[in-house]
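The structure appears right after this line, and notes come after that.
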Amino acid sequence: FKPMDKATVRKELGIYLENTKYVGFVGSLDEVKRADKLVEIFEKVKRRVQGVRFIVVGEGHLKHFMKKLARKMHLDILFTGTVTQEMVAKYMNAMDVMILPSRREGFGAVVIEAQACGTCVIGSSNGGIPEAIGFDEYVVAEGKDFEDRIAQRIVQVLEEGYDREKLIERAKDFTWERIVQMEKRIYEQVLKKCET
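If you count by my numbering, then the sequence shown holds residues 1086 to 1281, one letter each, in order.
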């Protein structure tokens, strides 16, 4: 996973449109990843931002439901299905913002992969997501009106931008060994909570 020129990769993927921003998701299309709320979140973003399109990379039992809801809401969402790791990296590079709104999550290595591509990740405060993201301004606290608040944060980042180089540099600090250690620490914390 490395940074690529956004316009070039979008042309290669056949999704290039001038003055268009892309918001995406990479993961399983299930309730744990909050895929049941993705279309709703995307619709809230579309209401506030002109020229935004959406990419969903992954498979799962909610895909049919999501496609049906997207049609009902007149949302232009590209559902890629399962793709190779090389294609995941290309789609991450094509995105301006990737979201990880999971209800439960381990460390969230997908965050580091997206950051290595220079793509901003906005995620929930669950599990290891905040530690993976590393920047408080991109973490949205779980709770009431979560979908509204994450949509608002996405809009803010699309309008204000972000330091792509800072994300790329941060991702360089992570090795698989370090990610495994962090994931292990998260599980140990959960086990301690269960014991008390």
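Glycine included, every Cβ here is placed at the ideal spot set by N, Cα and C.
All values reported here derive from a predicted model rather than from experimental measurement.
Less than 8 Å between the C-beta atoms of L1114 and L1154, yes or no? Along the sequence shown, one-based indexing puts residue 1114 at 29. Along the sequence shown, one-based indexing puts residue 1154 at 69. The answer is no: Cβ separation not under 8 Å.
Rounded to whole angstroms, what's the CA-CA distance from K1131 to V1124? Just pull it up for me. Working through the sequence shown from its first residue, we reach residue 1131 at position 46. Working through the sequence shown from its first residue, we reach residue 1124 at position 39. Straight-line Cα distance between these residues: approximately 10 Å.
Over what stretch of residues does the beta strand (DSSP E) that includes I1184 continue unbroken? Walking along the sequence shown from the start, residue 1184 turns up at place 99. Here the beta strand (DSSP E) through I1184 covers 1182-1185.
For the candidate residues I1140, H1159, G1112, whose alpha-carbon lies nearest to that of G1191? If you number the sequence shown from 1, residue 1191 lands on position 106. Closest by alpha carbon: G1112.
DSSP three-state call for K1106: helix, strand or coil? Your numbering for residue 1106 matches position 21 in the sequence shown. Of the three classes helix, strand and coil, the one that applies to K1106 here is strand, per DSSP.
Simplified DSSP assignment, three categories, for L1276: Taking the sequence shown and counting its residues from 1, the one referred to as residue 1276 is at position 191. If DSSP states are grouped into helix, strand and coil, L1276 belongs with the helices.
Could you say which of K1257, H1159, V1240, E1222 lies nearest to S1209 if we only look at CA atoms? Sequence index remark: in the sequence shown, residue 1209 carries index 124 (1-based). That would be E1222, whose Cα lies nearest to the Cα of S1209.
Along the chain, where does the beta strand (DSSP E) containing T1165 start, and where does it finish? On the sequence shown, position 80 is the one that residue 1165 refers to. T1165 -> beta strand (DSSP E) spans 1162-1166.
In three-state DSSP terms, what is R1095? As a working note, residue 1095 is residue 10 in the sequence shown. It is helical.
Segment contact flag, the segment 1126-1142 with the segment 1266-1273, C-beta cutoff 8 Å, min 3 pairs: no
Would you list the residues sitting across from F1139 in a DSSP beta bridge? The residue labelled residue 1139 in the question sits at position 54 within the sequence shown. According to DSSP, which records beta bridges pairwise, F1139 is partnered with V1108, I1162.
contact_flag[the segment 1237-1255, the segment 1173-1184] where n(CB pairs < 8 Å) is 3 or more: yes
Could you check how far apart the C-beta atoms of G1219 and G1193 are, in whole angstroms? I think they sit under 8 Å. On the sequence shown, residue 1219 is found 134 positions in, with the first residue counted as 1. On the sequence shown, residue 1193 is found 108 positions in, with the first residue counted as 1. That belief does not hold up - the Cβ atoms of G1219 and G1193 are roughly 11 Å apart, past 8 Å.
In whole angstroms, what is the alpha-carbon distance linking I1177 and L1276? The residue given as residue 1177 occupies position 92 in the sequence shown. The residue given as residue 1276 occupies position 191 in the sequence shown. Reading off the sequence, residue 1177 comes out as Met, not Ile. Between the alpha carbons of M1177 and L1276 lies a distance of about 33 Å.
Name the DSSP bridge partner or partners of S1209? Taking the sequence shown and counting its residues from 1, the one referred to as residue 1209 is at position 124. Note: S1209 sits in a beta bridge opposite V1225.
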